[in-house]
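Line by line, the protein sequences are chains A and B.
By the count of UniProt numbering, the first sequence reaches residue 119 at its end, each step adding exactly one.
By the count of UniProt numbering, the second sequence reaches residue 119 at its end, each step adding exactly one.
All residues carry an ideal CB built from backbone N, CA and C; glycine is no exception.
To keep things clear, I will list the structure first and then write my remarks on it.
Number of protein chains: 2
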Amino acid sequence: MSKLPVVDASLACCAPLSDPALSEQEAAELARVFKALADPVRLRLLNLIASQEGGEACVCDLTGPFELTGPTISHHLKVLRQAGLITGERRGTWVYYQVIPEALTRLSGLFALPALTSA
Amino acid sequence: MSKLPVVDASLACCAPLSDPALSEQEAAELARVFKALADPVRLRLLNLIASQEGGEACVCDLTGPFELTGPTISHHLKVLRQAGLITGERRGTWVYYQVIPEALTRLSGLFALPALTSA
DNA sequence: CATCTAATTTGACATCCATCTAGTCAGTGA
DNA sequence: TCACTGACTAGATGGATGTCAAATTAGATG
Numbered sequence: 001m002s003k004l005p006v007v008d009a010s011l012a013c014c015a016p017l018s019d020p021a022l023s024e025q026e027a028a029e030l031a032r033v034f035k036a037l038a039d040p041v042r043l044r045l046l047n048l049i050a051s052q053e054g055g056e057a058c059v060c061d062l063t064g065p066f067e068l069t070g071p072t073i074s075h076h077l078k079v080l081r082q083a084g085l086i087t088g089e090r091r092g093t094w095v096y097y098q099v100i101p102e103a104l105t106r107l108s109g110l111f112a113l114p115a116l117t118s119a
Numbered sequence: 001m002s003k004l005p006v007v008d009a010s011l012a013c014c015a016p017l018s019d020p021a022l023s024e025q026e027a028a029e030l031a032r033v034f035k036a037l038a039d040p041v042r043l044r045l046l047n048l049i050a051s052q053e054g055g056e057a058c059v060c061d062l063t064g065p066f067e068l069t070g071p072t073i074s075h076h077l078k079v080l081r082q083a084g085l086i087t088g089e090r091r092g093t094w095v096y097y098q099v100i101p102e103a104l105t106r107l108s109g110l111f112a113l114p115a116l117t118s119a
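Following this line, the structure appears as structure tokens:
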């Protein structure tokens with residue numbers, strides 16, 4: 001649950017897309033994050049978790065809204081986890097997921113535009 | 001070049017991911033945008049275009065940095081175009097691409113966090 | 001221990017996607 | 001008109017990915 005080949009947050013990071021010279025490695029890391037976001041089910045899962053009161057959601061609450069089997073939801077949660085977007089924790093019988101706020105903030109900054117510094 | 005089945009900007013839009021109830025349709029539209037971003041080559045293309053002086057890049061400048069054939073680059077540019085992220089324009093012999101700033105701004109807002117309004 | 005439930009893993013399968021080669025279209029200029 | 005160049009389209013192919021059924025693991029409880 002906790003030790004997975006997760007995306008290194010120090011790489012897929014920080015500098016806006018409009019900055020020069022995104023390295024191949026940075027691009028690869030970022031692509032991994034966007035691959036995780038490139039699925040409607042995963043987007044809705046992320047939305048469901050992020051919009052929850054308390055900031056966390058049980059898997060049992062995440063299966064109902066979809067016409068998909070448990071294993072499929074589990075798979076999608078794993079992809080989001082490996083992308084460093086959410087984190088999961090078992091408490092008793094249930095597993096609870098939360099978004100990692102830093103991950104979202106990082107992405108927000110990526111799309112920031114450089115304040116139109118007119119030539 | 002200009003009339004393609006592009007993502008409708010009015011949908012894949014605006015409200016932060018942490019807002020409740022992302023609809024299935026919105027999720028599908030957003031997923032299309034992220035699919036476009038979910039490739040290292042396309043991320044670097046977008047970065048190359050966005051970081052260019054003058055805000056635009058000729059296809060002829062975008063082929064060199066990659067060890068890929070022209071058609072493949074063309075394909076990636078088409079995907080970015082159909083996702084509403086860039087726009088292309090032919091001027092004489094060459095085709096120039098620019099990023100659509102609104103598209104990036106929209107994405108930036110999507111990942112904005114709701115200022116930690118503690119319960 | 002036996003059993004029940006929640007969640008994940010495994011393995012299979014159909015579909016999608018990045019890439020290439022070959023061919024085509026658009027614009028320039030002799 | 002013909003040839004040349006830049007860019008795109010079409011079709012094919014190998015690899016990645018979403019989904020499910022079946023099996024497995026982790027906790028709770030009798």
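At a beta-carbon threshold of 7 Å, the residues of chain B lying near A27 (chain A) are P40, L43, R44, ordered along the chain.
Cβ-Cβ distances below 6 Å link Q98 (chain B) to G55, E56, T87 in the same chain, with the five nearest sequence neighbours on each side left out; the list follows chain order. Taking L17 (chain B) as the centre and dropping the five residues before and after it, the same chain places the C-beta of L110, F111 closer than 8 Å to its C-beta, in chain order. Within the region 71-99 of chain B, the residues whose Cβ lies closer than 8 Å to some Cβ of chain A are V99, listed in chain order. When 8 Å is used as the limit between beta carbons, T105 (chain A) is near these residues of chain B: F111, L113, in chain order. Residue contact check for L62 (chain A) against chain B: no CB pair falls below 9 Å. Pairing L85 (chain A) with L62 (chain A) gives a Cβ-Cβ distance that is not under 9 Å.
One thing to note: A21 (chain B) has its Cβ no nearer than 9 Å to the Cβ of L43 (chain A). When A:L113, A:L45, A:Q52 are compared, the shortest CA-CA separation from R106 (chain B) is found for A:L113. Contact annotation for A57 (chain A) against chain B: no contact, minimum CB-CB distance about 12 Å [criterion: below 8 Å]. Partner residues in the beta bridge of A57 (chain A), as assigned by DSSP, are A:Y97. Under the three-state reduction of DSSP, G64 (chain A) is assigned to coil, being neither helix nor strand.
The shortest C-alpha to C-alpha distance from T93 (chain B) to any of B:V59, B:F34, B:S74, B:P71 is the one to B:V59. Taking all protein chains in view, the Cβ of R32 (chain A) is crowded by 16 or more other Cβ atoms within 10 Å, so the residue is classified as buried. In the same chain as H75 (chain B), and ignoring 5 residues on each side of it, no C-beta atom comes closer than 6 Å to its own. Taking 9 Å as the threshold, the shortest C-beta distance from L68 (chain A) to chain B does not fall below it. Across the structure, L46 (chain A) and D19 (chain B) are spaced so that their CA atoms are roughly 11 Å apart. A Cβ-Cβ contact shorter than 9 Å links P40 (chain B) with E24 (chain A). T69 (chain A): not part of any beta strand (DSSP E); DSSP gives it neither H nor E. For L68 (chain A), the number of other beta carbons within 10 angstroms of its own is below 16, and it is reported as exposed. Annotated three-state conformation of G88 (chain B) is strand, per DSSP. A21 (chain A) carries a coil assignment under DSSP once its states are collapsed to helix, strand and coil. Taking all protein chains shown into account, E29 (chain B) has 16 or more neighbouring C-beta atoms within 10 Å of its C-beta and is therefore buried.
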